[in-house]
Amino acid sequence: MATSRAICFDLDGTLFDHHGSARVGATRFLQGLGVEATEAAIGAWFNAEDEQFERWRSGSIGFQEQRRVRLRTVLPQLGVEVPGDEAGLDAVFDDYLRAYREAWRLFPESLPLLLELREHGHRLGLLTNGAEAQQLDKLDRTGLTDAFDVVCVSERIGFQKPDVRAFHTLTAQLEVDPADCLFVGDDPERDVDGALAAGMRAVLVDHGQSERPGIRALVLSAL
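Counting the sequence shown from 1 gives a position; our numbering is that position plus 844.
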């Protein structure tokens, strides 16, 4: 094995099963509100998440505010009264966060793959868009904190994928040339296009496509 000195990963949707965790969390959260967790109700929750998280990524809304807007959008659709102040909204969202956090899980191949790559002498990096406190908490709770040589979170480094500066910050901290780095992610634009533009090689994973090779097979075949 060995053309890439460093192997770097996205977190959510690549190593960490965000959608599965969020679905379990949303189901428990809705049930706690007295709402039947139908496909329509869960779909409304995820539609609001996608829309408002994208606004946060673009810089048009703050991180905490996008959470509040999600509640203002979804709760009326579900027949649930919307709290009248920010403190009330934050308290309701904290209920969701607790349910989501309790459901956090990795994809099955994630940790074994990282251990295998480390055994073969590869440096390992992580580059994730998101709030630093939550992303680091995910690593700690799922046992990935010590799996990486370098962890870069967009909130801390000041750049988000697909900005090439985010990828170059990662490779600089790893002390490797971008050409010697393979990036692994699940988003064609943010992960793959961003990494390629930064001079890295890239692998696209899709855990939702059962006919495609798993992440281990894809990564090892790209080395």
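Just so you know, even glycine gets a beta-carbon here, dropped at the ideal spot from N, CA and C.
Straight-line Cα distance separating residue j from residue i
i: GLY974; j: PHE937; result: 17 Å
i: SER998; j: THR972; result: 6 Å
i: ALA888; j: LEU1048; result: 27 Å
i: ASP990; j: LEU877; result: 37 Å
i: MET1044; j: GLY928; result: 48 Å
i: GLY1052; j: SER954; result: 15 Å
i: VAL926; j: ARG916; result: 6 Å
i: LEU980; j: ILE1001; result: 14 Å
i: HIS863; j: ARG967; result: 28 Å
i: ASN891; j: ALA866; result: 12 Å
i: SER848; j: GLN1004; result: 23 Å
i: PRO952; j: VAL1020; result: 28 Å
i: ALA884; j: LEU988; result: 34 Å
i: PHE897; j: PRO1022; result: 29 Å
i: GLU893; j: VAL913; result: 9 Å
i: PRO956; j: GLY903; result: 36 Å
Same chain only: Cβ atoms within 8 Å of residue i, ignoring 5 sequence neighbours per side
i: GLY906; result: TRP900
i: LEU961; result: ILE851, LEU968 and VAL1063
i: ALA935; result: PRO927
i: ASP1057; result: Note that residue 1057 is Pro in the sequence shown, not Asp. So the list reads SER1065, once near-sequence residues are dropped.
i: HIS1012; result: PRO1022 and ALA1042
i: GLU976; result: VAL997, GLU999 and ARG1000
Sequence-distant residues of its chain with Cβ nearer than 7 Å to residue i (five each side left out)
i: LEU1062; result: VAL1047 and VAL1049
i: LEU950; result: LEU859, PHE860, ASP861 and THR986
i: ARG1032; result: Per the sequence presented here, residue 1032 reads as Pro, with Arg not at that position. Taken in chain order, the residues that qualify are LEU1048.
Own chain residues within Cβ distance below 6 Å of residue i, not counting five before or after
i: MET845; result: With a pLDDT of 40 at MET845, under the threshold of 50, the modelled position of that residue is not reliable, and the figure given next carries that caveat. Result list for MET845: HIS964 and LEU1067, in chain order.
i: LEU933; result: ARG912, LEU915 and PRO927
Chain B contact for residue i (CB, 7 Å cutoff)
i: VAL1008; result: Judged by its chain identifiers, the structure shown contains no chain B, having just a single protein chain.
Among the options, the one whose alpha carbon lies nearest that of residue i
i: ASP1035; options: ASP1024, LEU855, HIS966 and ASP939; result: LEU855
i: GLU909; options: VAL868, ASN891 and ALA931; result: ALA931
i: GLY869; options: ILE886, GLY857 and PHE853; result: ILE886
i: ASP1024; options: GLN1004, ALA881, ALA1042 and PRO1032; result: ALA1042
i: VAL1008; options: LEU957, VAL1020 and LEU1040; result: LEU1040
i: ASP1037; options: ALA1010, THR882 and ARG1060; result: ALA1010
i: VAL879; options: PHE897, ALA947, VAL918 and GLU898; result: VAL918
i: LEU970; options: CYS996, ALA947 and GLN978; result: CYS996
i: GLU895; options: ARG911, GLU976 and PRO956; result: ARG911
i: ASP993; options: GLY903, PRO1006, LEU958 and GLU976; result: LEU958
Residue i beta carbon near the ligand NAD (any heavy atom closer than 6 Å)
i: PRO920; result: Although the ligand NAD was asked about, the structure shown includes no ligands whatsoever.
With contact counted as at least three CB pairs below 8 Å, one residue from each stretch, are the segment 978–988 and the segment 1014–1024 in contact? no
Specify whether the segment 915–927 and the segment 1018–1033 touch according to this definition: at least 3 beta carbon pairs, one from each stretch, less than 8 Å apart. Touching, no.
Assess, as a yes-or-no matter, whether the segment 861–879 is touched by the segment 938–950 under the definition of 3 or more beta carbon pairs within less than 8 Å. yes
Where are the alpha helix (DSSP H) runs, 4 residues long or more, that stay fully inside the segment 948–1012, in chain order? The segment 948–1012 contains these whole alpha helix (DSSP H) runs: 954–963, 976–986 and 998–1001.
Ignoring anything shorter than 4 residues or poking outside the segment 1021–1063, list the alpha helix (DSSP H) runs there in chain order. 1038–1041
Which ranges does the beta strand (DSSP E) cover as unbroken runs of at least 3 residues, wholly within the segment 848–897, from first to last along the chain? 850–853
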